[in-house]
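Report on the structure given below.
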Amino acid sequence: MGQIYFNGNSNAADATITLGQQVENGPGGVLFVTGTSHAGTSTIACNRGQIGFYDSASADHAAIDLNGGGTISFSFRSSAGHAIVSNHGAPSKEIFPNAINFVDTSTAANGTFVTSGGGGRLAYGGFTYFSGTATAAN
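Residue numbers for the sequence shown follow my numbering, so the first one is 13 and each next one is one higher.
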């Protein structure tokens with residue numbers, strides 16, 4: 013499983029990032045954004061991978077696509093910024109659905125979130141969770 017880290021005050025700028033493979037039981041990738049780093053205007057495809065925004069990190073204006081078991085977590089004081097996140101449902105009942113998690117004091121801020129149903133018979137739709145003092149904000 014590959015890993016990508018943006019630490020400190022780093023910026024993904026307009027990068028195109030693909031985590032994992034879009035195949036059943038394929039390996040995922042991990043993207044960690046910490047400190048005051050941000051995803052910029054990057055395009056991120058998360059295929060069975062994990063994305064974590066921690067500390068005061070921001071998804072900024074990124075376009076993020078969760079596919080087939082992808083997870084994105086916003087923790088501590090992190091923010092979705094103005095990101096556009098597509099949370100697709102699982103393509104089949106054998107694949108765990110995607111999840112978006114907001115915990116601690118994180119915020120969805122001005123982000124746009126599209127959560128879809130499952131793609132096959134008995135397949136789960138995407139999930140979005142808020143816990144702790146996390147907020148959907150604007």
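Think of the CB as a built atom: it goes at the ideal place given N, C-alpha and C, for glycine as much as any other residue.
None of these values were measured; they are calculated from a predicted model.
- With a minimum length of 4 residues, there is no unbroken run of alpha helix (DSSP H) contained wholly in the stretch 55–99.
- The three-state reading of DSSP puts F108 in coil, since its state is none of H, G, I, E or B.
- Comparing alpha carbon positions, the residue from R89, A120, T28 and G47 closest to A149 is A120.
- In this structure, the beta-carbon distance from S98 to S70 does not fall below 8 Å.
- Under DSSP, L134 forms no beta bridge with any residue.
- Secondary structure at V45: strand, using DSSP grouped into helix, strand and coil.
- V126 is bridged by DSSP to S98.
- For I112, same chain residues with a beta-carbon under 6 Å away, outside a window of 5 residues either side, are I84, N99 and T140 in chain order.
- Burial state of Y66 is buried, judged by a 10 Å Cβ sphere holding 16 or more other Cβ atoms.
- For S87, the number of other beta carbons within 10 angstroms of its own is at least 16, and it is reported as buried.
- Between F114 and G81, the CB-CB gap reaches or exceeds 8 Å.
- Of the other Cβ atoms in all chains shown, fewer than 16 fall within 10 Å of the Cβ of S143; this residue is therefore exposed.
- In the displayed model, N113 falls within a strand according to three-state DSSP.
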